[in-house]
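K.L.:
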Amino acid sequence: MVKSLKVLILAGAVCATGLQAQNAPVLSDAWVRVLPPNQAQTAAYLNVANPGDSELVIVGASASLAETVEMHVTREVEDSVRMQRLSELRVAPRSEFALSPGATHLMLLGLSRMPGAGEEVNICLQLASGEEVCTVAVGKRNTSAHGFAPGAHSH
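In the numbering used here, the protein residues as written are 5 to 159.
(1) Do Val125 and Val36 have their beta-carbon atoms positioned less than 7 Å apart in this structure?
(2) Residue range of the beta strand (DSSP E) that Met118 falls in?
(3) Under 6 Å Cβ to Cβ from Thr108, same chain only, skipping five residues before and after it: list those, please.
(4) What are the uninterrupted segments assigned as beta strand (DSSP E) that are 3 or more residues long and contained completely in the segment 46-117, given in chain order?
(5) Going by DSSP in three states, Gln130 sits in which element: helix, strand or coil?
(6) Counting only the same chain and skipping the five closest in sequence on each side, list residues whose C-beta sits under 8 Å from that of Leu113.
(7) According to DSSP, what are the bridge partners of Arg37?
(8) Please say whether Leu31 and Val63 have beta carbons closer to each other than 7 Å?
(9) Helix, strand or coil: which one does DSSP assign to Leu23?
(10) Of all the options Pro105, Glu80, Leu131 and Arg86, which has the alpha carbon lying nearest to the alpha carbon of Val95?
(11) Distance, Cα to Cα, Arg145 vs Leu115?
(12) To the nearest angstrom, report how far apart Ala28 and Cys138 are at their CA atoms.
(13) Can you have a look at Gly122 and say buried or exposed, based on whether 16 or more other CB atoms are within 10 angstroms of its CB?
(14) Assuming contact is defined by CB atoms lying nearer than 7 Å, are Leu103 and Leu50 in contact in what I supplied?
Structure below.
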């Protein structure tokens, strides 16, 4: 009887862990913009899926080649494009949010070096819950997404 109870408790713990994994945020299609090697910053983009029943709050980020990573949104102000720093990103339950060129994105600042095309860069998002979710982004040359050329943004 005691052995059966231990097996039942263990099975319940495995199911609970599986349920938590099902509700974990999913990061996909991550890429880093490859710019000329003398640049000290670049941008990263990815999709964030929140399969859970509660809002996902992203409060920070990090990247393997960057000293600092900031969350930004691109806005048109007085006929010029400007980036505004965000303190958090919120993803509604059971929805997805795309960080994309010309919109919300990650700025990788203080690069140790510019990644090359096809190179992998580890990117992690810090959640308000204290958890961290990571993925691998791939370096891509893309100098004209949404009409923005490198260096065309201003703060």
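Even glycine gets a Cβ: it sits at the ideal position worked out from N, Cα and C.
P.N.:
Judging by the given coordinates:
(1) In the sequence shown, counting from the first residue as 1, residue 36 sits at position 32. In the sequence shown, counting from the first residue as 1, residue 125 sits at position 121. One thing to note: Val36 has its Cβ within 7 Å of the Cβ of Val125.
(2) Walking along the sequence shown from the start, residue 118 turns up at place 114. Annotation: Met118 is outside any beta strand (DSSP E) and is labelled neither H nor E by DSSP.
(3) Working through the sequence shown from its first residue, we reach residue 108 at position 104. Within the same chain, Thr108 has close Cβ partners Val77.
(4) 60-67, 70-81, 84-90, 93-95, 99-103 and 108-115
(5) On the sequence shown, position 126 is the one that residue 130 refers to. Note: Gln130 maps to strand in three-state DSSP.
(6) Here residue 113 refers to the residue found at position 109 of the sequence shown. Cβ within range, chain order: Ala44, Gln45, Ala70, Glu71, Thr72, Val73 and Glu74.
(7) Against the sequence shown, residue 37 aligns to sequence position 33. Per DSSP, Lys144.
(8) Along the sequence shown, one-based indexing puts residue 63 at 59. Along the sequence shown, one-based indexing puts residue 31 at 27. In this structure, the beta-carbon distance from Val63 to Leu31 does not fall below 7 Å.
(9) Sequence index remark: in the sequence shown, residue 23 carries index 19 (1-based). Legend: pLDDT at Leu23 = 36, less than 50; position of this residue unreliable, value from coordinates given subsequently. Three-state result, Leu23: helix.
(10) Reading the sequence shown from its first residue, position 91 is the one you call residue 95. Minimum Cα distance to Val95 is reached at Leu131.
(11) To locate residue 145, count along the sequence shown from 1; it is residue 141. To locate residue 115, count along the sequence shown from 1; it is residue 111. Each residue's Cα considered, the two are about 17 Å apart.
(12) On the sequence shown, residue 28 is found 24 positions in, with the first residue counted as 1. On the sequence shown, residue 138 is found 134 positions in, with the first residue counted as 1. The straight-line gap from Cα to Cα measures roughly 11 Å.
(13) The sequence position of residue 122 within the sequence shown is 118, counting from 1. Exposed: under 16 other Cβ atoms inside 10 Å.
(14) Residue numbering aside, residue 103 sits at position 99 when the sequence shown is read from its first letter. Residue numbering aside, residue 50 sits at position 46 when the sequence shown is read from its first letter. The answer is yes: Cβ separation under 7 Å.
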